[in-house]
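Protein chains: 2
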Amino acid sequence: MKTVNKPRLAIDMDDVIADSMTLILNKYNKEYNTNLSKNDLHGKTIYDLIPTEHIPAIKHYQNTRGFYKDVPLIPQANHAIPELTTKYDIFIVSAALEFPNSLPDRFDFIGDHFPMIPWNNIVFCGNKQIVKADYIIDDMLENINSYSTKGFLFSAYHNIGIEHENRVEDWEHAIKLLEFIK
Amino acid sequence: MKTVNKPRLAIDMDDVIADSMTLILNKYNKEYNTNLSKNDLHGKTIYDLIPTEHIPAIKHYQNTRGFYKDVPLIPQANHAIPELTTKYDIFIVSAALEFPNSLPDRFDFIGDHFPMIPWNNIVFCGNKQIVKADYIIDDMLENINSYSTKGFLFSAYHNIGIEHENRVEDWEHAIKLLEFIK
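Chains A and B, in that order, give the protein sequences.
Heads up, the first sequence is in my numbering, so the first residue is 910 and it goes up one at a time.
Heads up, the second sequence is in my numbering, so the first residue is 910 and it goes up one at a time.
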C-alpha cells in the first residue's frame, strides 16, 4: 500500500540489516588461515587489523558478483522492519557504489528478507548527502552527519566507544525509540 | 577535485546521457522482425506501440546483465558534462532499480564515458523524491515534479508535445541555459 504521508526513515544496509562483516571475516579467515572475529574489531575496522597488502583482497571480495548472496541478517532486522513500516515510509539506503558488482545481490537480499520494501524504496549511492529523509538509522557517524535530519547510530563493532545521543543498541531498542517519536 | 560549494545538478541517465531506447529498439526489431525507430515514438513510449504480450520481452532486455554494455551515448553528453562540472557538482541519478541486473553495466557506462564523475556521485534509486539537488535534468516530467527544485525537461521522443517552461532541446542548449543561472 502506498503511504506518502508517513515520515521517511532511511535505513542503512551493511552492519545494520546485513551482517557483511561476518561474511567478510569468514572469507578472509579461510583465505589467510586466520581466526579473526568481530570481537577483535571493537572500535576498529577490519582495515586497522590486517596487513596493508591484504586490503585489496577485502575490497575484491566485496566487489565479486555472488559474494553478497550469502550475507547473514543482522538479528531481529527481519522482525523490526515490517513493524516499522506501519509508522514509517522505509527506504533502504546503501552507499554501495564502491562495489558495483554487489548491487544485484544486495537487491536480491532486500527482496528476499524484506519483501515489504518495494524496489522503489531502495537507494544505492556513494554519498548519503544527496538523500532526503526525516530519520535515519546508520552505523557510520559520517553518514548520519551528512543528513540534515535526526539520525540514530546503530551499534556495530567499529563504532563502540563513539559517544552519540541517539545510539540504538539493536533492533529491539530501535523499535522502542522509534515508536515514541511523535 | 572535491568541490562542495558548487550547486548540485542531478542528471538522469536513460534518454538523457544514455540512448537506451535505440538499444532496445535494435534488439526488439531483430527479435520480432520489425523496423521501429524513435521517429515512431513521438509523444509515446515503446509500450504504446507494441503488442501487450511483447512487453515482458522489453522488460527482460533491460534486466539482462550485459545488455546495457552497448548503450550509445546521447549526442554531446560527453562534451557537455565535463564542461558543466566546472560550475556544478554533478550527480548521475538513475531510477534503474526496476532493472537491478543492469546496475553494474550502468556503473561501467558512467565510468567509461564520464570519468570526471566519481563513483560517490552516482545514485541508483527507484523513486527520485528521495534525492536532494539544486537543479535537475530529466526527460520524465514525473521525476522533475518529484524534486522540489528547478528542473529542466530534456527533450526525448516520448515527451514531444508536453509543454514545459524549462525544456532543453539537447546538450548544447542545456549548456547555454545552465551557464546563465546565477
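Where a beta carbon is used, it is the ideal one built from N, C-alpha and C, also for glycine.
Quick caveat: nothing in here was measured; it's all calculated off a predicted structure.
Taking C-beta atoms as the reference points, Ala1042/B and Met922/B fail to come closer than 8 angstroms. The residues Ala927, Tyr977 and Val980, in chain order, have a CB closer than 7 angstroms to that of Phe1018/A in the same chain once the five nearest residues on each side in sequence are set aside.
DSSP places Lys1059/B in the strand class (E or B) of the three-state scheme. What Ala1042/B touches in chain A, judged by beta-carbon distance under 8 angstroms, is Ile1039, going in chain order. Against chain A, the CB of Gly1060/B has no partner CB under 8 angstroms away; the residue lies outside that interface. In this structure, DSSP gives Leu1012/B a helical state, which the three-state scheme calls helix. For Leu1012/B, the closest Cβ of chain A is nearer than 8 angstroms. Under DSSP, no beta-bridge partner is assigned to Arg974/A.
When C-alpha distances from Phe1023/A are compared across Leu932/A, Gln985/A and Leu1086/A, the shortest belongs to Gln985/A. Of all residues in the segment 996 to 1011 of chain A, those with a C-beta nearer than 7 angstroms to a C-beta of chain B are Phe1000, Leu1006, Glu1007, Pro1009 and Asn1010, reading in chain order. The three-state secondary structure of Leu945/A, taken from DSSP, is coil.
When Cβ-Cβ separations below 8 angstroms define contact, Phe1018/B makes no contact with chain A.
Flagged as an interface residue toward chain B: Asn1030/A, by a C-beta distance shorter than 8 angstroms. DSSP places Ile1031/B in the uninterrupted beta strand (DSSP E) bounded by Ile1031 to Phe1033. Distances from the CA of Ser1055/A to each of Tyr1044/A, Leu1087/A and Ala1065/A were compared; the closest alpha carbon is that of Tyr1044/A. With a threshold of 8 angstroms between beta carbons, Phe1063/B makes no contact with chain A.
Here the C-alpha atom of Val1040/B lies approximately 13 angstroms from the C-alpha atom of Lys1059/B. Secondary structure of Phe1000/B (DSSP, three-state): strand. Within the same chain, and ignoring the five residues on either side of Ile964/B in sequence, the residues whose Cβ sits closer than 7 angstroms to its Cβ are Tyr956. Close to chain B, meaning a Cβ-Cβ distance shorter than 8 angstroms, is no residue of the segment 1070 to 1087 of chain A at all. Look at Asp1047/A here: in three-state DSSP terms it is strand.
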